[in-house]
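First comes the structure, then the notes that go with it.
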Amino acid sequence: MFWLKKNLPKLVLTPSLGILSWFVYGFIFWTIYISFTKSKMLPRYELWGIDQYIRLWKMPRWHVAVENLLIFTVLFIILCIAIGILLSILLDQKIRAEGFLRTIYLYPMALSFIVTGTAWKWVLNPTLGIEKFAHDMGFETFKFDWLVTPEMSIYTIVIAGVWQSSGFIMAIFLAGLRSVDDEIIKAAKIDGAGIFSIYSKIILPMMRPVFMSAIVILVHLSIKSYDLIIALTSGGPGISSDMPAVFMTTMAFHRSEVGLASASAIMMFLTVSAIVVPYLYSELKREDAR
Amino acid sequence: MKMKKLLVALIALALTPSVSFAAPKAEVLHWWTGGGEAKALKVLQDDFAAQGGIWLDMPVSGGGGDAAMQTLKARIVANDAPAAAQIKGPTIQEYDEEGVVGPYNIDAVAQKEGWDNLLSEQVASHMKCDDGKAYCAAPVNIHRIDWIWANKKVLDENGIKMPSTWAEFNAAADKLQAKGIIPLAHGSQPWQDATVFEAVALGIGGNDFYRKAFVELDPATLGGATMSKVFDQMRKLKGYTDAGSPGRDWNIATGMVMEGKAAFQIMGDWAKGEFSANNQAPGKDYICAPTPSDNGYLYNVDSFIFFKVKGKEKVEGQKLLASLMMGKNFQKVFNIYKGSIPARLDVSMDEFDMCAKKSNADLKTAASKGGLLPSFAHGMALKLAQKGAIQDVVTEHFNSKMSSSDAAKKLAAAVKASL
């Protein structure tokens, strides 16, 4: 009986741990293995070396996808955090109807990326949305055709992504701001600090862990982003707004290139690890040192 | 509720010993879930049931078959392939290479019914596995890709004849554009760009050029001067589309022709279904004509592949299904619904509309003049990897300012890299 009591948590956790390690880590290793094979339509298990990786990096389309990922990730993170912080600070000024406003900003998060993408597709379409609206209003020369311009299409994805996620980042920062001790702010005010320097020099630096959560969430959202692109541009016009996740599914399911797709999946996996793991590591180490 | 469950269990138990002489059974994976296609498939299901078979329907809709392909692959990897699946073109042989099709259960039926005499040689060759030795798939239709659809009223009002060369098309388009009509209704999605591209390549380059480039993948042809000219025409066509074109679905583009907002659309004969759904008649409201070419004909044959299955009743199910699919009745009814023409040669065309009749007549002319060619954009000529590589370059060129000669060079390089 005592034994059971002592080991109950372990017993309860074991099945889910087992399932998790097989379906997440097991399949990561499976994908790594497949990326070194000649798999075409279905998985094959004879090893082929690193040829799939060589082929991958020779494909112009993969380069487009990687470049887009960089543009998207950088802009998406910076804009989401900037807008999130701004909104949370504004909401933190003890204003009226805060709960109502907070809900409004948080609401886009409740939508799936498919809905966001489809809605923005209509808004940004030059023959349906903003451009047509402006023309109907009488501004005949108004032009806003990023969605159909190959050089600009990736930025429309940034717009839709930021619209969807910045409210969530706002909520995270708002929670962080609320946890800051009032006494510190009062002390700073007594010392004559202005509102701007209170936030920039005292409060925000105190919110390091919040930044960490926000960045980790945003990085993985952006690297995994698939549904938003499919709904908004389908990777078009042409292949101009392609991203690695879209590339991967296209290769695996439409092109009979399972090996190549696995190689691209591993590249994505390594990217996430390369960014997130050191960041987590350094942040957690700092926590320990405290 | 409990009672019902018990009853079901009892019935199931009672049926178990009778497996040895069970009815033919077939699980069919397809994505024909809506409109005329679904109605047509119902005909087949009823036929199948009338012959004592058990049809296990496995419809996977969405994404023009993409979702179905994912399901299918998962089932095959799990060693549980359905009896038949909607697969066409060289993908049939690709599955065979993976070793999941043999021992070609339906070949016996095909030999008995003499499919070699019922199908044209070209269509038959797509249906055979094991280096052309055995039938492993059954064709249900022939779609023509290189069609151009036009709004009759718009053409009449502007004194324009259906173009018979690409130069004539350009002249007509310039005239329409000057009057504020969108000359070409087009949805710039990769597959639609490729559809237009192959029609242009067939017209500008000719039949031999098309065969060399998109069937034989000859590097010199893919990167050559003629290919450059094809891309020149694509650039011109881009100018004839409207700003809302990128990402538009094909049926919305067909709608633009119906409303008279646009004059032409280049699209396969499934576009006819959109016109009929709006009670428009060929020759009266709209015109169907082949895109300009020298008796060329780009075909897309939908077919069902028959996988390796275990169990006698499943094999019998496959045989019955294959036989019914090639049946005269199904081939006729199905194709009237779907807008295509029968793959089987001896079906009467009397009940078909004028576009289908023209398609059937042109098919014979093209076959005799060497113009009967498989569509690469619809997966009939190439394996998926090469088709995808070409499609990427075509859509990238169409949606950017890439020069024609660069595009041709890129095309040759992309195909080489994908092999």
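Heads up: the sequence lines are chains A and B, in that order.
FYI, the numbering for the first sequence is 1 to 290, going by this note's numbering.
FYI, the numbering for the second sequence is 1001 to 1419, going by this note's numbering.
Every residue, glycine too, gets a C-beta built ideally from N, C-alpha and C.
Mind checking residue i: buried by the 16 CB within 10 Å criterion, or exposed?
i, result
"B/L1029", "buried"
"A/V277", "exposed"
"B/E1396", "buried"
"B/N1329", "exposed"
"A/L17", "exposed"
"B/T1016", "At B/T1016 the pLDDT is 48, less than 50, meaning the model places this residue with poor confidence and gives no usable figure here."
"A/L177", "buried"
"B/E1274", "buried"
"A/T14", "exposed"
"A/V158", "buried"
"B/G1159", "exposed"
Using 8 Å as the limit for Cβ to Cβ distance, is residue i near chain A?
i, result
"B/V1077", "yes"
"B/Q1189", "yes"
"B/S1400", "yes"
"B/Q1070", "yes"
"B/L1411", "no"
"B/G1089", "no"
"B/E1396", "yes"
"B/L1384", "yes"
"B/D1406", "no"
"B/G1388", "yes"
"B/D1392", "yes"
Could you check whether the Cβ of residue i sits closer than 8 Å to any Cβ belonging to chain B?
i, result
"A/F253", "yes"
"A/P244", "no"
"A/K224", "no"
"A/V148", "yes"
"A/D136", "no"
"A/T233", "yes"
"A/N125", "yes"
"A/G26", "no"
Counting only the same chain and skipping the five closest in sequence on each side, list residues whose C-beta sits under 7 Å from that of residue i.
i, result
"B/Q1093", "C1129"
"B/R1211", "L1373"
"B/E954", "Chain B is shown only over 1001 to 1419; residue 954 of chain B falls outside these bounds and no answer can be derived."
"A/K143", "E131"
"B/F1334", "A1040, V1043, V1140 and N1141"
"A/I229", "I157, G235, S241, M243 and V246"
"A/L11", "none"
"B/Y1095", "I1087, V1101 and I1305"
"B/Q1189", "G1247"
Note down, in chain order, each residue of its chain lying with its Cβ closer than 6 Å to the Cβ of residue i, except the 5 sequence neighbours on either side.
i, result
"A/L280", "none"
"A/A231", "I114, G117 and T118"
"B/D1193", "V1394, T1395 and F1398"
"B/N1295", "T1365, A1366, K1369 and G1371"
"B/G1089", "G1379 and M1380"
Mind pulling the chain B residues with CB within less than 8 Å of residue i?
i, result
"A/L128", "G1244"
"A/T31", "Result: empty, since nearest Cβ-Cβ is about 14 Å, beyond 8 Å."
Under 8 Å between beta-carbons, which chain A residues line up against residue i? List them in chain order, please.
i, result
"B/A1444", "In the structure as shown, chain B begins at 1001 and stops at 1419. Residue 1444 of chain B is therefore absent and cannot be evaluated."
"B/D1066", "F253 and H254"
Which chain B residues sit within Cβ distance under 7 Å of residue i?
i, result
"A/P43", "V1077"
"A/D227", "What A/D227 touches in chain B: nothing, since even the nearest Cβ is about 13 Å away."
By the criterion of Cβ-Cβ separation under 9 Å, what are the contact partners of residue i in chain A?
i, result
"B/E1094", "K40, M41 and S256"
"B/E1098", "K40, M41, L42 and R44"
"B/G1247", "K121, N125, L147, V148, L232, T233, S234, G236 and P237"
"B/K1238", "The premise fails here: B/K1238 is roughly 10 Å from chain A at the closest Cβ pair, so nothing lies under 9 Å."
Could you tell me which residues DSSP pairs with residue i in its beta bridges?
i, result
"B/D1057", "B/V1028"
"B/L1373", "B/L1298"
"B/C1288", "B/W1149"
"B/Y1135", "B/K1128"
"B/H1143", "B/N1300"
"A/T37", "A/L47"
"B/A1465", "Summary: the structure shown does not reach residue 1465 of chain B, with chain B confined to residues 1001 through 1419, and so no result is reported for it."
"B/I1182", "B/A1262"
"B/S1188", "B/P1246"
Going along the chain, which residues of its own chain have a beta-carbon closer than 8 Å to the beta-carbon of residue i, five neighbours each way excluded?
i, result
"B/D1218", "K1212"
"B/V1019", "Here the model assigns B/V1019 a pLDDT of 44, short of 50, so the residue's position is not dependable, and the following value carries that caveat. Result list for B/V1019: E1313, in chain order."
"B/K1319", "P1024, N1105, I1106, A1108 and V1109"
"A/E67", "none"
"B/L1013", "With a pLDDT of 49 at B/L1013, under the threshold of 50, the modelled position of this residue cannot be trusted, and the question is left open."
So which residues on chain B does residue i lean against when the C-beta distance must stay under 9 Å?
i, result
"A/S35", "Near A/S35 there are no residues of chain B at all, since even the closest Cβ is about 16 Å away, more than 9 Å."
"A/S240", "E1396, N1399 and S1400"
Starting from the beta carbon of residue i, find every residue of chain A whose beta carbon is closer than 7 Å, and list them in chain order.
i, result
"B/K1073", "L42"
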